[in-house]
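Per this note's numbering, residue 1293 is the first one in the sequence shown, and the count goes up by one each step. Built from N, CA and C at the ideal position, the CB exists for glycine as well.
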Amino acid sequence: MTFDPFEDSFRGLGGEAAGAKTFYDVLEWLERDECPLGETARRTYAQAVRKAARLIGRAPDRIPACTAQFQSMFPNRDYARSWGKTFCAAKRWKRNVSAAINGATGIIAAQKERRARRDDWARLLAVLQQIAEKDRPSPFEIHPKQLICVQSCADTARKLDVRVTDIDHDLALCLYRAAPTKAAKDAVVEALCLIDQSRAMTDRRVESILPAQPIDFVRPERVEQVAIPAPLMQELETWVDLASRGRWSITDNAFMGGVSPTPYLNAAKKILTTAERADSLKLAELFTIASAFDERVLVAVVQFLRDLYKNNGAGAITPRTARGYFECLIPLLERNGEDTSSVRMILKTDSWLKAGRRSRTEMSPHVRSFCRNVVTDMNARIRFLSLHIQLRKKAILHLEAAQMTTGREAERHLERARRFGTCAAFAALETDAIPARVSSVLMTTFRGSAAWLCLGHRKADDGRITIPPAFVKNRKPIFATISATSRLRGLETLRWYEKVIRPLFGDHQDNVHFFPAVQKQGRPLPYATFKSWWSDCAAECGFPGLNPHMFRHGQASILVAENPGNWSLVAARLGDTEAVCRDIYAWIDHEKLVLAGQQELTKEFPSAA
1293 MTFDPFEDSF RGLGGEAAGA KTFYDVLEWL ERDECPLGET ARRTYAQAVR
1343 KAARLIGRAP DRIPACTAQF QSMFPNRDYA RSWGKTFCAA KRWKRNVSAA
1393 INGATGIIAA QKERRARRDD WARLLAVLQQ IAEKDRPSPF EIHPKQLICV
1443 QSCADTARKL DVRVTDIDHD LALCLYRAAP TKAAKDAVVE ALCLIDQSRA
1493 MTDRRVESIL PAQPIDFVRP ERVEQVAIPA PLMQELETWV DLASRGRWSI
1543 TDNAFMGGVS PTPYLNAAKK ILTTAERADS LKLAELFTIA SAFDERVLVA
1593 VVQFLRDLYK NNGAGAITPR TARGYFECLI PLLERNGEDT SSVRMILKTD
1643 SWLKAGRRSR TEMSPHVRSF CRNVVTDMNA RIRFLSLHIQ LRKKAILHLE
1693 AAQMTTGREA ERHLERARRF GTCAAFAALE TDAIPARVSS VLMTTFRGSA
1743 AWLCLGHRKA DDGRITIPPA FVKNRKPIFA TISATSRLRG LETLRWYEKV
1793 IRPLFGDHQD NVHFFPAVQK QGRPLPYATF KSWWSDCAAE CGFPGLNPHM
1843 FRHGQASILV AENPGNWSLV AARLGDTEAV CRDIYAWIDH EKLVLAGQQE
1893 LTKEFPSAA
C-alpha cells in the first residue's frame, strides 16, 4: 500500500482508534430518527460539518470524527474569513461541528447520563442552588454562575466514581489530573475550594455528604519547574551584573554604557534549569555556576531542548529562542573570565540551532498571513488601525451594564471595563503615536516634570510621548506626536481612558504610571497581566492570536506596501535600522514586484470582457 502522509497523520491522531467514526457517520446520525435534535438544528449542524469537510479538503468518509483533532486543525489564532465572515461566526461554526461530533459519538449522551444521576453530587448541587437563589444574607454566599465549576467537577468525579465524601488531598489531585482541559482543571480547583467553604453552612443535608476533613487542595506546580538554589542565584546575579553594567567612567564616577541584564539572566536560568531536567547535573550539589557551562553540560542541554521541540514536550522552545539564549552566553561568560569556545562551536555546528539563525529574519506563517491580510484587504486594515475604537466600545458597554446591576455582577462588569479600556488605550498609543514595545509602553509615566506622556490641556492641543533611551531596546530615545486631528482618533481614546477607566484602578491618584498595577501600589501594570487581558480582549474584537508586538509588523507591512523602497520611512516608524527592516519586510516589496511583473507581461493584451 502506498504511503500517504496526509492519511497517516489522520490515523496518528486517533481516527481509527476512536471507533472508526467519520464525518460521514456524523452526517448519517443527523438524518436518523433517533437523533434528538430538531429540524433546524439538524440542518445547521449538517451544513457546518459539510463546510468543515470542504475546508479540510477531504471526503467526509475520510475524516475522523474527533473533536480534539478538528479543533486543532482550526485554532483561533489562525482565523480566516473562509471559516466565517466574523470571528464570532467562525467560533459559532466550530461549536456546531464539535456539537455534531460529540452527539454522533455518544459523548453528549454520556454527559447527560452522568448529569442525571441522583447521588451526593446532585444533592450538593441542589443545596448550593437553593442558597444561590436566596435574597436574604447568609454566612455562606454563592453566585449562581459559581455552580458551573461544581457541575464540571462533578462530571469529572462521576467518570472516576468518586463521591464527595471520599475526597481527600490525594483524590483531589487525581481529579485535577483527570480533568481533560485547562478550563476543566480550573473548575476542579474552584469547586474543591467551594466545597471547603461550604463547611460554614449549618445545613444538615450538606454536612452529611462533606468529607470528614477539609480538602485544602492547592494547584500543583508544573513538573518542569526547577528551583535554582539561593547561593547559585546570588552568584548568577553577580555574573549578570558584571556582564551588563558597562564600563566605569572616571569622570562620571559611575558605570556607563550598560545594557539590560534581563536577556543574560533569562538565558543563564534556562540553561541551568534545563541541565537539571536533562540529568546532566544536580544544582543542589554545585558550589559554583561555572561548572554548569562545561561542554558536556551544554551538549546535553542542546540535545534535550531539541528532543522537547521535536516531541512538543512541556517547556519546549523554538530553535530561534534557543539560539538567542546561547548567543547571550558568550558575553556573559567572556566578561566573567570563562572560556566560550564550546558555546561558539555549538552555535557554528549544531543543525538545530543553525535553523534558528535562518529563521531570525523570517516571519512565522501566522504573522505573515496577518501582514498579508492587512496589506491586501482594506476592510481588515481599517479594523486593525481602528482596533482601539472597538475596544473602547466594548468597555463602554460594560460600564453601562455595571450601572444597571449591583453587587458582584456590577464588580465583574467594572473589571471587564477596566480590561477593555486599558487595551484600548494601549492600542491607541500603538497606532496613533508609535508602535513601541510593550515593556516600554507599560512603563509610561504621565505625571511630574519628567513625565513621558502629555495629552495636552485643551481639546485642540496635540499630545506627545517620549521614551528615554534606557527603556528602549536599541538605546535610542523615542519622540512621537499624537495629533489631535488624526482620523484614527487615538488622542480622544487616551483622554477618555484617563478620565473614565484609570480611576477604576486602586491607587490611580498616587501612581505616576499611565497604566497602574492592579495590586502593587506605585508600580506599573505587569506584562503578564496585560498580556492575559490583551489576548482575551483582542479575540473578542475579532483578532485572535494578535499579540501586541504585531502592531509593529502590521504597520510596517502597510508602509512597505504603500511606499516600496522607502526603507527610511519604515525604520523611522519602528525605531529600527533600515537593514533590519529590509530583512524582515522585504518579502512584501518582492511580492509587489512580482505582481508588477505579471501585469507588465500582459499590459498589451486586450482586457477581458
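- Assigned with DSSP and collapsed to three states, residue 1826 falls in helix.
- Its chain contains 1737 as the residues whose beta carbon lies nearer than 7 Å to that of residue 1743, once the 5 sequence neighbours on both sides are disregarded; these appear in chain order.
- In this model, residue 1761 and residue 1767 are separated by some 4 Å (Cα to Cα).
- Separation of the CB atoms of residue 1594 and residue 1645 is rounded to 7 Å, and the pair is thereby assigned contact status at 8 Å.
- With distances taken between CA atoms, residue 1835 lies nearest to 1368 out of 1355, 1368, 1807 and 1575.
- In the structure shown, the three-state DSSP call for residue 1859 is helix.
- Beta-carbon to beta-carbon, residue 1728 and residue 1683 are separated by about 18 Å, too far to satisfy the 8 Å threshold.
- Assigned with DSSP and collapsed to three states, residue 1848 falls in helix.
- DSSP, read as helix, strand or coil, puts residue 1395 in helix.
- In this structure residue 1874 does not touch residue 1851 by the C-beta definition: roughly 13 Å separates them, more than the 8 Å allowed.
- Residue 1518 and residue 1568 have their alpha carbons spaced roughly 7 Å apart.
- Rounded to the nearest angstrom, the gap between the Cα atoms of residue 1804 and residue 1546 is 27 Å.
- If only complete runs of 4 or more residues are kept, the stretch 1549 to 1619 shows the alpha helix (DSSP H) at 1554 to 1569 and 1587 to 1603, in order along the chain.
- For the set 1718, 1711 and 1333, the Cα lying nearest the Cα of residue 1841 is the one of 1718.
- Excluding residues up to 5 positions away in sequence, 1725, 1726 and 1757 lie with their Cβ nearer than 6 Å to the Cβ of residue 1772 in the same chain.
- For residue 1547, the pairing in a beta bridge is given by DSSP as 1540.
- Checking the DSSP bridge columns, you'll see residue 1772 partnered with 1757.
- Under the 8 Å Cβ criterion, the stretch 1391 to 1406 does not count as touching the stretch 1687 to 1707, having fewer than three qualifying pairs.
- The continuous alpha helix (DSSP H) containing residue 1872 extends over residues 1870 to 1893.
- Given a length threshold of 4 residues, each whole run of the alpha helix (DSSP H) inside the stretch 1641 to 1726 is given here in chain order: 1643 to 1650, 1657 to 1668, 1670 to 1677, 1679 to 1695 and 1699 to 1724.
- For residue 1896, there is no enclosing alpha helix (DSSP H), as DSSP gives it neither H nor E.
- Spanning the alpha carbons of residue 1379 and residue 1700 requires a straight line of approximately 29 Å.
- The DSSP-derived three-state label of residue 1352 is helix.
- At the C-beta level, residue 1620 and residue 1555 come within 7 Å of one another.
- Its chain contains 1344, 1389, 1390 and 1393 as the residues whose beta carbon lies nearer than 7 Å to that of residue 1362, once the 5 sequence neighbours on both sides are disregarded; these appear in chain order.
- Within the model, the alpha-carbon separation for residue 1371 versus residue 1678 is close to 19 Å.
- In this structure, the straight-line span from the alpha carbon of residue 1606 to that of residue 1854 is close to 42 Å.
- CA-CA distance, residue 1574 to residue 1643, rounds to 28 Å.
- Scanning its chain for C-beta atoms nearer than 7 Å, with the 5 sequence neighbours on each side dropped, one finds around residue 1628 the residues 1531, 1534 and 1535, in chain order.
- Its chain contains 1630 as the residues whose beta carbon lies nearer than 7 Å to that of residue 1582, once the 5 sequence neighbours on both sides are disregarded; these appear in chain order.
- Counting only unbroken stretches of 4 or more residues, the alpha helix (DSSP H) elements lying wholly within the stretch 1456 to 1510 are 1461 to 1470, 1474 to 1489 and 1496 to 1499, in sequence order.
- Residue state for residue 1746 is assigned as strand, using DSSP reduced to three classes.
- Between residue 1690 and the set 1703, 1577 and 1562, the nearest pair of CA atoms involves 1703.
- With a cutoff of 7 Å on beta-carbon distance, residue 1418 and residue 1385 are scored as not near each other.
- For residue 1440, the enclosing alpha helix (DSSP H) covers residues 1439 to 1451.
- Using a 10 angstroms sphere on the CB of residue 1490, the tally of other CB atoms reaches 16 or more, which defines it as buried.
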